[in-house]
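Asker: Dumping the structure here so I can ask a few things about it.
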Amino acid sequence: MTDKLTLDEIRMLAEQERIMDSGEQPFVLDTHRNRWSVSAEVMEELGLVSGQGVSHAIITAIVEAHLASIQARIALDAATTGASHAD
């Protein structure tokens, strides 16, 4: 990322760090020991344990699982919104 973060973005990231520190938000560690916040659903789906180290291949699987979840929510929202406009 080359863009400078805004103060609000820095605060949001700091809050996310605190939530991971407290154990409320599951995360994994990449090979550089960077934390990646991961939804509980994806953790369970992929058989991950919060705080575990993971490979690049697993990070890719996490990103793909999150994208699939987002796409499903968008499709559901579109279907729901389309159904409500059909009346």
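Heads up: the sequence shown runs through residues 1101 to 1187, numbered per the numbering used here. The C-beta atom is built at its ideal place from N, Cα and C for all residues, glycine as well.
1) For ARG1135, which of helix, strand or coil comes out of DSSP?
2) May I ask you to list the residues that DSSP assigns as paired with VAL1128?
3) Using the rule of at least 16 other Cβ atoms within 10 Å of the residue's Cβ for burial, across every protein chain shown, is ILE1174 buried or exposed?
4) Who are the near neighbours of PRO1126 in its chain, counting only those whose CB is closer than 7 Å to its CB and skipping five residues on each side?
5) How many Å lie between LEU1105 and LEU1129 at the Cα?
6) Quick one: using the 10 Å Cβ neighbour count with 16 as the cut-off for buried, is ILE1162 buried or exposed?
7) Taking the continuous alpha helix (DSSP H) assigned at ASP1121, which residues delimit it?
8) In whole angstroms, what separates the C-alpha of ILE1110 from that of ALA1172?
Answerer: Once the coordinates are examined:
1) strand
2) TRP1136
3) exposed
4) Excluding sequence neighbours, PRO1126 sits near VAL1138, ALA1140, MET1143 and SER1150.
5) 23 Å
6) buried
7) 1107 to 1122
8) 29 Å
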